[in-house]
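S.K.: Each protein sequence line maps, in turn, to chains A and B. Following my numbering, the numbering of the first sequence begins with 79 at its first residue and continues without gaps. Following my numbering, the numbering of the second sequence begins with 2 at its first residue and continues without gaps. Each residue gets a CB set at the ideal place from its N, CA and C atoms; glycine is no exception. Handing you this structure, nothing more for now.
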Amino acid sequence: MAILPERRNLRPNQRSGGPLLQNPFVRWVDHRLPVFSTFDRFVTHYPAPRNLSYWWNFGSLATFMVLAMLGSGIFLAMNYQPDPDTAFASLQRMARDVDYGWLIRSIHMIGASMFFIVVYLHVGRSLYYGSYKRPRELLWMLGLVLFVLMMTIAFTGDVLPWDQRSYSAATVITNLFSVIPFAGNHITNWIRGGYAVGAPTLNRVFILHIVLPFVLVGFVWLHLQALHRHGSNNPTGIEPAPEAEVFFHPYYTIKDLFGLGCFLIVYAAIVFFVPGLFETPDDGIPADPLSTPTNIVPDWYFLPFYAMLRALPNTGLGAAALFGSVLVLFFLPWLDTSPVRSGRYRPLFRWFFMGLVFDIALLGWAGAQPPDGVYIWISRAATFWYFVHFLVVLPVLGKLERPYPEPGR
Amino acid sequence: MSPESSVAIAPKTRRDVLTLSAYSLSAVGAATALWPFIDSMNPAADTRAEAFTEVDLAPIVEGQRVTVSWSGRPVFIAHRTPEEIAKAKAGDNEALRDPQKDTQRVKRPEWLVVIGICTHLGCVPGGQRPAEARGDWGGWYCPCHGSQYDTSARIRRGPAPRNLVVPNYRFLKQNAVRIG
């Protein structure tokens, strides 16, 4: 096990550095442009707790997915036409006529779902192990900004195929802004560039779908900067002693690569054997502005939010619940009053955490059901509990709960 | 003025006034320069110019509902049956979320003309075709979030806040209507 005394006080060149940084040419470059020492500090000799479990794999997997989506997206964009008359056909052509177009399209469309799976697990990990707590509040909030950006990018991407589900999604989401008092309708028309979702909407959504991922990359960089300031949290939630840390390379490069391999087996299996897994019949019907298909269902990763939106009997309240459900997470570091980070040592919190996971799953299920009768009431109860969990349970639990004794460093 | 007091008290000199005015004017200038870019995203002149649609009513038989496109939006034209008109009139006296008499919503009782966009989040309600669900009031039923409209296209149940909007329209001399 590599020992790291006084890890953060050492300048990179005072650490072991490795043979690479001893090379005269590398030293010449690094003196002028510190790429090698930065890489060394950020990756090779970046100190990490030695007890990270596979739950700490999902950050690097998310980074991988950003690159996979950018890579496949560039080639998809080369064959896509952002025009209502040709958009649908251009993606059908991509799937049928362009050499390997089916593969690139599947990598991208299924990649969106895989990306959300990875990110939901990444966020769930942080929720359970208290990774949002002091001093990592900004790391957490930057992560939420990434999540909001990601949902925006996913939504703009959903619109591009210009099928019935695309059109409904674009209509419903742009209409959310019409609940803004007084100027709501003007804002909606401004976002659409027309009185209904149409050609100008499709064009601007396409541009945003290309530009926003690069904004996302910028925030990933900030997220990593904030992460490397205090290093990763770990399953015990206790800052490790310097001798309990290992270098990122080779310990976590290998562990992350093994995780990536497992992840890619699942991803590739879906791409090659069940490429339609995340699609619905409405994805195969070109957009028709004059009719909405019955029981329209958004992509699975939006279902819990969709359930909240339609749970409430009033458009304004529904939109408030939708935005509030993400907004409340920004205050989580202060809403959770417990001084203990990890859920491992919080006997009651663990039950409430399981309850929250069940609650969100229930919302997701209800979001896919017809908006009637009992499903509405299930959505309402689950929406109510979501907010109770964050606004009541977490603040009170921190005061009442008697945690297990924490281990030493 | 001693060096200490220049820190403690906000000085008001000619230079401060000039600096403040310069900053303010730059802010106003920057905001003004931003406006053309923001406004360019609004509906363009050609979109605004697609102002009206004319529809021949002769082929629409009693009980039939027809959807036409008016500046990109669906407009429902319903040739109402006497029962539907009676149901709409009966609804005048019931508790309504967005109270309006049926007579305020039609120019001729047999013809109902409304914009077919749910006032909740903008889906197109079903009920135009006989096979589609029309909800408990026999009007329209929005598949997205379950809003139900009556035969006067007034909201009766579900999350939508307002009745379906009646656009500007007038009957032409022939059996036709001009929307817009």
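Between residue 207 of chain A and residue 476 of chain A, is the Cβ-Cβ spacing less than 9 Å?
M.R.: Not closer than 9 Å, so no.
S.K.: Residues in the same chain with beta-carbon distance under 6 Å from residue 209 of chain A, minus the five sequence neighbours each way, listed in chain order, please.
M.R.: If we look at residue 209 of chain A and ignore the five residues flanking it on each side, its Cβ neighbours are 311.
S.K.: In the DSSP assignment, find the beta strand (DSSP E) that holds residue 113 of chain B and state where it starts and stops.
M.R.: Start and end: 112-116.
S.K.: Cβ-heavy atom distance between residue 310 of chain A and the ligand COA below 8 Å?
M.R.: Annotation note on the ligand COA: not contained in the displayed structure, which lists no ligands.
S.K.: In whole angstroms, what separates the C-alpha of residue 267 of chain A from that of residue 68 of chain B?
M.R.: Going by the C-alpha atoms only, they are around 22 Å apart.
S.K.: Tell me whether residue 414 of chain A sits in a helix, a strand or coil according to DSSP, three-state version.
M.R.: It is coil, neither helix nor strand.
S.K.: Counting pairs of beta carbons, one from the stretch 217-225 of chain A and one from the stretch 178-193 of chain A, are three or more of them closer than 8 Å?
M.R.: The stretch 217-225 of chain A, when compared against the stretch 178-193 of chain A, does not touch it at the 8 Å Cβ threshold.
S.K.: Counting only C-beta atoms, is residue 137 of chain A closer than 9 Å to chain B at any point?
M.R.: It does not; no Cβ of chain B falls within 9 Å.
S.K.: Tell me the DSSP secondary structure of residue 428 of chain A in three-state form.
M.R.: If DSSP states are grouped into helix, strand and coil, residue 428 of chain A belongs with the helices.
S.K.: Grab the span of the beta strand (DSSP E) containing residue 71 of chain B for me, first residue to last.
M.R.: Here the beta strand (DSSP E) through residue 71 of chain B covers 66-71.
S.K.: Would a check of beta-carbon distances place residue 82 of chain A closer than 9 Å to chain B?
M.R.: The predicted position of residue 82 of chain A is uncertain, since its pLDDT is 47 and thus under 50; a value taken from the coordinates is nonetheless stated next. Taking Cβ atoms only, chain B never reaches closer than 9 Å to residue 82 of chain A, which makes this a no.
S.K.: Which class does residue 54 of chain B belong to by DSSP, given the choice of helix, strand or coil?
M.R.: Correct three-state label for residue 54 of chain B: strand.
S.K.: Using 10 angstroms around the beta-carbon of residue 407 of chain A, count the other beta-carbons present and answer buried if the total reaches 16, otherwise exposed.
M.R.: Residue 407 of chain A should be labelled buried.
S.K.: Go to residue 409 of chain A, then tell me how far its beta strand (DSSP E) extends in each direction, as first and last residue.
M.R.: Residue 409 of chain A -> no beta strand (DSSP E), and no H or E assigned at all.
S.K.: Can you give me the start and stop residues for the beta strand (DSSP E) that residue 323 of chain A sits inside?
M.R.: Per DSSP, residue 323 of chain A belongs to the beta strand (DSSP E) from 323-325.
S.K.: Leaving out the 5 sequence neighbours to the left and right, which residues in its chain are closer than 6 Å to residue 460 of chain A when beta-carbon positions are compared?
M.R.: Cβ within range, chain order: 437, 440 and 441.
S.K.: Got a sec: which bits of the stretch 40-60 of chain B sit with their beta carbon under 8 Å from any beta carbon on chain A, in order along the chain?
M.R.: From the stretch 40-60 of chain B, only 42, 43, 44, 45 and 48 have a Cβ closer than 8 Å to chain A.
S.K.: Could you pull out every residue in the same chain whose Cβ sits closer than 7 Å to the Cβ of residue 230 of chain A, ignoring the five residues on either side in sequence?
M.R.: Counting only Cβ-Cβ distances below 7 Å, and skipping sequence neighbours, we find 290.
S.K.: So which of B/94, B/98 and B/30 has the shortest CA-CA distance to residue 150 of chain B?
M.R.: The shortest C-alpha separation from residue 150 of chain B is found at B/98.
S.K.: Roughly how many angstroms lie between the CA atoms of residue 213 of chain A and residue 419 of chain A, to the nearest whole one?
M.R.: Roughly 11 Å separates the two Cα atoms.
S.K.: Could you check how far apart the C-beta atoms of residue 118 of chain B and residue 107 of chain B are, in whole angstroms? I think they sit under 8 Å.
M.R.: Their Cβ separation, rounded to whole angstroms, is 18 Å, which puts residue 118 of chain B and residue 107 of chain B out of contact at 8 Å.
S.K.: Going by the beta-carbon positions, is the gap between residue 384 of chain A and residue 484 of chain A smaller than 9 Å?
M.R.: Cβ distance not < 9 Å, so residue 384 of chain A and residue 484 of chain A don't count as in contact.
S.K.: Hey, which unbroken runs of the beta strand (DSSP E) at 3 residues or more fall wholly within the stretch 286-365 of chain A?
M.R.: Correct list: 323-325.
S.K.: Throw me the rounded Cβ distance for the residue 359 of chain A and residue 276 of chain A pair, which I believe falls under 8 Å.
M.R.: Residue 359 of chain A to residue 276 of chain A, Cβ: 24 Å. No contact.
S.K.: Do the stretch 373-388 of chain A and the stretch 446-453 of chain A make contact, defined as three or more Cβ pairs closer than 8 Å?
M.R.: The stretch 373-388 of chain A is in contact with the stretch 446-453 of chain A.
S.K.: Candidates B/16, B/26, B/45 and B/75: which alpha carbon is nearest residue 180 of chain B's?
M.R.: Considering only alpha carbons, the answer is B/75.
S.K.: Measure from the C-beta of residue 250 of chain A to each C-beta in chain B and report whether the shortest distance is under 9 Å.
M.R.: Interface residue, yes.
S.K.: If you measure from the beta carbon of residue 180 of chain A to each beta carbon in chain B, is any gap under 9 Å?
M.R.: For residue 180 of chain A, the answer is no, since every Cβ of chain B falls outside 9 Å of its Cβ.
S.K.: Find the residues of chain B that neighbour residue 388 of chain A, judging by a C-beta separation of less than 8 Å, and give them in chain order.
M.R.: Going along chain B in sequence order, the residues near residue 388 of chain A (Cβ under 8 Å) are 145, 146, 147 and 160.
S.K.: Check residue 76 of chain B in the structure and name its three-state DSSP category.
M.R.: In the structure shown, residue 76 of chain B sits in a strand (DSSP, three-state: E or B).
S.K.: Any beta-carbon of chain A closer than 9 Å to the one on residue 75 of chain B?
M.R.: Yes, contact with chain A.
S.K.: Determine contact between the stretch 313-332 of chain A and the stretch 150-166 of chain A, defined as no fewer than three beta-carbon pairs at a distance below 8 Å.
M.R.: No, the stretch 313-332 of chain A does not touch the stretch 150-166 of chain A.
S.K.: Quick one: Cα of residue 150 of chain A to Cα of residue 283 of chain A, how far?
M.R.: Between residue 150 of chain A and residue 283 of chain A, the C-alpha separation is close to 18 Å.
S.K.: To the nearest angstrom, report how far apart residue 301 of chain A and residue 148 of chain A are at their CA atoms.
M.R.: Their backbone Cα atoms lie some 18 Å apart in a straight line.
S.K.: Quick one: using the 10 Å Cβ neighbour count with 16 as the cut-off for buried, is residue 307 of chain A buried or exposed?
M.R.: Flag for residue 307 of chain A reads exposed.
S.K.: Listing by chain order, which chain A residues have their CB less than 8 Å from the CB of residue 70 of chain B?
M.R.: By Cβ distance, chain A contributes 367 and 368.
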